[in-house]
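Add 1040 to a position in the sequence shown, counting from 1, and you land on the number used in our numbering.
Every residue gets a Cβ at the ideal spot worked out from N, C-alpha and C, and that includes glycine.
None of these values were measured; they are calculated from a predicted model.
I have placed the structure first, in the form of structure tokens, so that the comments after it can refer back to it.
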Amino acid sequence: SVGANWQKQLDAIPHGEKTFLVPYRYGDAGWFDWQPMSALYPVYLWHLSMRDDDWERVERLQEKEANDWNQVHSFRDKHDAGHEQPWVNFLAGRNSDYPERIQQATYQQLCRRMAQTRADQDVGTQHHIHHWQWGNPVSSEALIQLTMGAPQPIYNGGLLHARVRYFDVERRRPGLPADVAALVESLAADRTVVRLVNTSATQARTVLLQAGAFGEHRFTAAEYESRTSE
1041 SVGANWQKQL DAIPHGEKTF LVPYRYGDAG WFDWQPMSAL YPVYLWHLSM
1091 RDDDWERVER LQEKEANDWN QVHSFRDKHD AGHEQPWVNF LAGRNSDYPE
1141 RIQQATYQQL CRRMAQTRAD QDVGTQHHIH HWQWGNPVSS EALIQLTMGA
1191 PQPIYNGGLL HARVRYFDVE RRRPGLPADV AALVESLAAD RTVVRLVNTS
1241 ATQARTVLLQ AGAFGEHRFT AAEYESRTSE
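Structure follows, in structure tokens:
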């Protein structure tokens, strides 16, 4: 299962370098199925707790791995995850162009999968049970990370715990209004930094910023800086 789950990550390891592996399964002969440790789980734990010791575990994992955590590889697995490493480095101030690169990588995957869908000769035939999963062009990982300040929910029923969510006041529906861009720039136990930009040159927009995807957080204070383009 190593190749299927970690091909892109393994390609990022410099030739001849060693990397940290952990066993994923246990049988009569003991632990087996050694693979690189998914960063999603320690990142998710830190994101929920915001404890210093949980962040230190994330940092220790980065130190043990041979691949560069700032690199962004264009791939989409069945979990629609796998870019936690460059994302947390962005939050730590060590990977400033991550937002642009993860959006480029996501767009590449969308274009590739749309091309596959248009060329698909198996529609309506006896295809594999995961046929549509493999070809699904929709990806939410980058938007969840960048706009909500959250890691992708853990596969098989994980909940979307996020710092912020948005409400379109004019259209009276959840989500960002038209022309409004949002970027969560940093996270701390008592602080969330969000940059909001109205990309419209002619229209004012109103967005309601809410705490937590389920209301699990609360705003106790707010500070803002306003800037108007010339």
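The beta carbon of Asn1135 is closer than 7 angstroms to those of Asn1110, Pro1126 and Asn1129 in its chain, skipping five residues each way along the sequence. Secondary structure of Asn1135 (DSSP, three-state): coil. Proximity to Ala1244 across Leu1236, Trp1071 and Ile1184 peaks at Leu1236, based on C-alpha coordinates.
Under the DSSP assignment, Pro1082 falls in the alpha helix (DSSP H) whose first and last residues are Leu1080 to Ser1089. Residue burial is scored here from C-beta neighbours: Ser1266 has fewer than 16 other C-beta atoms within 10 angstroms and is therefore classed as exposed. With fewer than 16 other Cβ atoms from the protein chains shown falling within 10 Å of its own Cβ, Asp1093 counts as exposed. Relative to the Cα of Tyr1264, the nearest Cα in the group Leu1216, Thr1232 and Trp1086 belongs to Thr1232.
With a beta-carbon spacing of about 7 angstroms, Asp1208 and Leu1216 fall inside the 8 angstroms limit used to define contacts. Sixteen is the threshold: since fewer than 16 other Cβ atoms of the shown chains lie within 10 Å of the Cβ of His1170, the residue is exposed.
The residue from Phe1254, Thr1059, Asp1162 and Glu1256 with its alpha-carbon nearest to that of Asn1107 is Thr1059. Within the DSSP bridge table, the entry for Trp1074 names Pro1063 as partners.
Gly1133 places its beta carbon 7 angstroms or farther from that of Thr1157.
Within the region 1091-1156, the complete alpha helix (DSSP H) segments at least 4 residues long are 1092-1104 and 1124-1131, listed from N- to C-terminus. With at least 16 other beta carbons inside 10 angstroms of its own, Arg1205 counts as buried. Judged by their CB atoms, Arg1141 and Val1098 are not nearer to each other than the 7 angstroms cut-off. Per DSSP, the beta bridge partners of Thr1232 are Leu1227. Rounded to the nearest whole angstrom, the CA to CA distance from Val1224 to Glu1057 is 34 angstroms. Contact holds between the region 1187-1197 and the region 1115-1123, because three or more Cβ pairs, one in each stretch, are under 8 angstroms apart.
Inter-residue distance for Asp1073 and Ala1228 is about 35 angstroms (C-alpha atoms, whole angstroms). Rounded to the nearest angstrom, the gap between the Cα atoms of Arg1065 and Arg1152 is 33 angstroms. A straight-line Cα-Cα distance of about 12 angstroms links Ser1089 and Glu1096.
The same chain holds no residue with a CB closer than 7 angstroms to that of Gln1161 once the five nearest residues on each side in sequence are set aside.
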